[in-house]
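Here the structure comes first, spelled out in structure tokens, and everything after it is commentary.
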Amino acid sequence: MKRDDFLKHVAWTGTGIAWTLSSTGVFNAQRALAADDAISFVQMSDSHIGFAHPENPDVIGTLQQTIAGINAMPVQPTFVVHTGDVTHLAKPAQFDTAKQILGTLKAPLVVLPGEHDVIGTPDAFFQAFRRSDAPKGWFSWDQGGAHFLSLVNVFNFEIDGKLGAEQIDFVEKDLAAQKSSTPIVVFAHVPLYALFPPWGWTTEDGSRVLAALRRFNAVTVLNGHIHQIVQHTDGNIRFATAASTAYPQPAPGTAAKPGPLKVPDSKLLSVLGYRSVEIARSAATITDHSLQT
Amino acid sequence: MADSSAGAGGGICTHMKAILIGLQVALLGIALTLGARAAAPTLLPAVATVHIKDFKYNPPALTVHVGDRVTFVNDDDEAHTVTATDKSFDSEGLDTAGTWQHVFTKPGTYHYFCELHPYMKATIIVLPGAAK
Numbered sequence: 054m055k056r057d058d059f060l061k062h063v064a065w066t067g068t069g070i071a072w073t074l075s076s077t078g079v080f081n082a083q084r085a086l087a088a089d090d091a092i093s094f095v096q097m098s099d100s101h102i103g104f105a106h107p108e109n110p111d112v113i114g115t116l117q118q119t120i121a122g123i124n125a126m127p128v129q130p131t132f133v134v135h136t137g138d139v140t141h142l143a144k145p146a147q148f149d150t151a152k153q154i155l156g157t158l159k160a161p162l163v164v165l166p167g168e169h170d171v172i173g174t175p176d177a178f179f180q181a182f183r184r185s186d187a188p189k190g191w192f193s194w195d196q197g198g199a200h201f202l203s204l205v206n207v208f209n210f211e212i213d214g215k216l217g218a219e220q221i222d223f224v225e226k227d228l229a230a231q232k233s234s235t236p237i238v239v240f241a242h243v244p245l246y247a248l249f250p251p252w253g254w255t256t257e258d259g260s261r262v263l264a265a266l267r268r269f270n271a272v273t274v275l276n277g278h279i280h281q282i283v284q285h286t287d288g289n290i291r292f293a294t295a296a297s298t299a300y301p302q303p304a305p306g307t308a309a310k311p312g313p314l315k316v317p318d319s320k321l322l323s324v325l326g327y328r329s330v331e332i333a334r335s336a337a338t339i340t341d342h343s344l345q346t
Numbered sequence: 382m383a384d385s386s387a388g389a390g391g392g393i394c395t396h397m398k399a400i401l402i403g404l405q406v407a408l409l410g411i412a413l414t415l416g417a418r419a420a421a422p423t424l425l426p427a428v429a430t431v432h433i434k435d436f437k438y439n440p441p442a443l444t445v446h447v448g449d450r451v452t453f454v455n456d457d458d459e460a461h462t463v464t465a466t467d468k469s470f471d472s473e474g475l476d477t478a479g480t481w482q483h484v485f486t487k488p489g490t491y492h493y494f495c496e497l498h499p500y501m502k503a504t505i506i507v508l509p510g511a512a513k
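Listed below in structure tokens is the structure:
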């Protein structure tokens, strides 16, 4: 198989490629991929299925547009992560709708909850998206040369995002087993650093996790919650919040309170979207795509 | 192989399957929209109404009597909840323009908050005996 064909094959089969390779013994090709040390995935966030107000009367439509955009990517992502607030009010019917739409993604899906998904109880969220390898909601895995952590900072939600001692212990143990040269990628709904505390856009016990991330060469922390793209670098850690697929929120401090922001109808798609991320050993490339065509 | 851990693979998606899912989603969307319209409940007579506006409960402290019904109205653009700290009552998610009513059957001081914005706090004091 020529390399060009091989790359096309990767595009077609996504995560299946490693199996294909090991069963056919095309070991050079696999090493060539490993030498590139890159993995690409897509982040989407804050779909708020069930929301039906003037800021976006058709959140189902904009979620479908998001998925159409991802499914049309020439190279399919290894996986798609939804960083929470899949639903607006955590109603089982809203989860059913969301699950059906998200089920049309070609790539595998990872979903973590936002506070809107666990109002009162996380039961409906877990019924829709429970993973056998994540009984408490948080989990980690290795893929494409990187180490991924999917965290939950919306249980016991008090003033800000909160991880809780049990989850922080898990993170510290999990990270202690990683080499400092391994790229680390962390997902959580609420920003893990103090992005804008007056609006609760911070994780009150996030500092222990950030401390455990300090020794790594390259860390990427991806969050949702604030319905807008904010990028921030602090030493070895690169933070980026994602656009919503449903509606924007005001920039920090530009309104009395956070909440749905009404923009002109013609502008709405330009502030909604998803992002593709490529993680290589030395660098993370983050590319945001709006729904505006 | 660790590569399988992101979840079940998609990929084998026939056109027919996609069309069927599309139809189901469209029907669900219609059902949800109708459901939302039909959901406006008939309000029973209440002794007091708490309005939620600008991320505040107004009034922040309210005194009623055992047997009294209180109406909560969300006047904000953001969803909120009315949730007792002791979990003795819970509106669950209250959307914009949503209303919820609760009858207080036991005397006491009830602190409540919004599960989505827990810094929003207020109190209802329930006195024994009917006020009339």
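Protein chains in written order, with the numbering used here: chain A, 54 to 346; chain B, 382 to 513.
Don't be surprised by glycine CBs; every beta carbon is placed ideally from N, CA and C.
Just so you know, these numbers come straight off a predicted model, no measurement behind them.
Segment limits, alpha helix (DSSP H) that includes residue i
{"i": "A:Ala219", "result": "Going by the sequence as given, residue 219 of chain A is Glu instead of Ala. Here the alpha helix (DSSP H) through A:Glu219 covers Ala218 to Ala229."}
{"i": "A:Asp351", "result": "This structure cannot speak to residue 351 of chain A, because chain A is shown only from 54 to 346."}
{"i": "A:Leu263", "result": "Ser260 to Leu266"}
Three-state secondary structure (DSSP) of residue i
{"i": "A:Asp186", "result": "coil"}
{"i": "A:Gly122", "result": "helix"}
{"i": "B:Leu425", "result": "coil"}
{"i": "A:Ser319", "result": "helix"}
{"i": "A:Ser75", "result": "For A:Ser75, the predicted model reports a pLDDT of 28, less than 50, meaning its position is unreliable and no value from the coordinates is stated."}
{"i": "A:His169", "result": "helix"}
{"i": "B:Lys398", "result": "Residue placement at B:Lys398 cannot be trusted, given a pLDDT of 48 that sits under 50; what the coordinates show is reported in the next sentence. Here B:Lys398 sits in helix by DSSP."}
{"i": "A:Phe292", "result": "strand"}
{"i": "A:Ala177", "result": "helix"}
{"i": "A:Leu248", "result": "coil"}
{"i": "A:Gln302", "result": "coil"}
{"i": "A:Gln96", "result": "strand"}
{"i": "B:Leu497", "result": "coil"}
{"i": "A:Val324", "result": "helix"}
{"i": "A:Thr136", "result": "coil"}
{"i": "A:Thr115", "result": "helix"}
{"i": "B:Lys526", "result": "Because chain B is modelled from 382 through 513, residue 526 of chain B falls outside the range shown and cannot be assessed."}
{"i": "A:Gly253", "result": "coil"}
{"i": "A:Arg308", "result": "Per the sequence shown, residue 308 of chain A should be read as Ala rather than Arg. Three-state DSSP puts A:Ala308 in coil, outside helix and strand."}
Cutoff 8 Å; reference residue i; Cβ partners in own chain excluding five residues on either side
{"i": "A:Ser343", "result": "Ala296, Leu322, Ser323, Val324, Leu325 and Gly326"}
{"i": "B:His483", "result": "Arg450, Val451, Phe453, Val463, Phe470 and Ser472"}
{"i": "A:Ser233", "result": "Arg268, Phe269 and Asn270"}
Host beta strand (DSSP E) of residue i (start-end)
{"i": "B:Asn439", "result": "Lys437 to Asn439"}
{"i": "B:Val484", "result": "Thr480 to Val484"}
{"i": "A:Ala160", "result": "First-last for A:Ala160: undefined, no H or E at that position."}
{"i": "B:Val507", "result": "Lys502 to Leu508"}
{"i": "A:Asp195", "result": "Phe192 to Gln196"}
{"i": "A:Glu108", "result": "Note, A:Glu108: premise wrong, no beta strand (DSSP E); not H, not E."}
{"i": "A:Thr286", "result": "Val283 to Asp287"}
{"i": "A:Ala199", "result": "Ala199 to Ser203"}
{"i": "A:Phe240", "result": "Ile237 to Ala241"}
{"i": "A:Ser343", "result": "Ala337 to Ser343"}
{"i": "A:Arg334", "result": "Where A:Arg334 is concerned, there is no enclosing beta strand (DSSP E), given that its DSSP letter is neither H nor E."}
{"i": "A:Asn206", "result": "Neither: A:Asn206 is in no beta strand (DSSP E) and is coded neither H nor E."}
{"i": "B:His446", "result": "Ala442 to His446"}
{"i": "B:Phe453", "result": "Arg450 to Asn455"}
Short CB-CB distance (under 7 Å) between residue i and chain B
{"i": "A:Glu168", "result": "yes"}
{"i": "A:Val79", "result": "Any reading at A:Val79 must be qualified, since the residue scores a pLDDT of 34, below 50, and its modelled position is unreliable; the value itself is stated next. It does not; no Cβ of chain B falls within 7 Å."}
{"i": "A:Lys310", "result": "yes"}
{"i": "A:Ile172", "result": "yes"}
{"i": "A:Pro317", "result": "no"}
{"i": "A:His106", "result": "yes"}
{"i": "A:Ala336", "result": "no"}
{"i": "A:Leu325", "result": "no"}
Neighbourhood of residue i by C-beta, 6 Å cutoff - its chain only, sequence neighbours within 5 removed
{"i": "B:Lys487", "result": "none"}
{"i": "A:His135", "result": "Met97 and Val164"}
{"i": "A:Thr273", "result": "Val238, Arg291 and Ala337"}
{"i": "A:Leu228", "result": "Ala265"}
{"i": "A:Trp252", "result": "Pro311"}
{"i": "A:Pro145", "result": "Ala177"}
{"i": "A:Gln284", "result": "Ala293"}
Proximity test, Cβ basis, 7 Å: residue i and chain A
{"i": "B:Thr504", "result": "no"}
{"i": "B:Phe494", "result": "no"}
{"i": "B:Gly479", "result": "no"}
{"i": "B:Phe453", "result": "no"}
{"i": "B:Asp471", "result": "yes"}
{"i": "B:Asp458", "result": "yes"}
{"i": "B:Leu497", "result": "yes"}
{"i": "B:Phe485", "result": "no"}
{"i": "B:Gly474", "result": "yes"}
Own chain, CB closer than 7 Å to residue i, minus 5 neighbours either side, in chain order
{"i": "A:Lys320", "result": "none"}
{"i": "B:Glu496", "result": "Thr462 and Thr464"}
{"i": "B:Leu425", "result": "Arg450 and Gln482"}
Can you confirm whether the segment 475-482 of chain B touches the segment 441-460 of chain B when touching is taken to mean that 3 or more C-beta pairs between the two stretches lie within less than 8 Å?
yes
The segment 264-279 of chain A / the segment 233-251 of chain A touching (three or more Cβ pairs under 8 Å):
yes
Is the segment 100-108 of chain A touching the segment 296-311 of chain A in the sense that three or more CB pairs, one from each, lie closer than 8 Å?
yes
Pairing CB atoms from the segment 248-264 of chain A with CB atoms from the segment 215-222 of chain A, are three or more of them under 8 Å?
yes
Check whether the segment 150-160 of chain A touches the segment 116-132 of chain A, taking contact to mean three or more Cβ pairs, one atom from each stretch, closer than 8 Å.
yes
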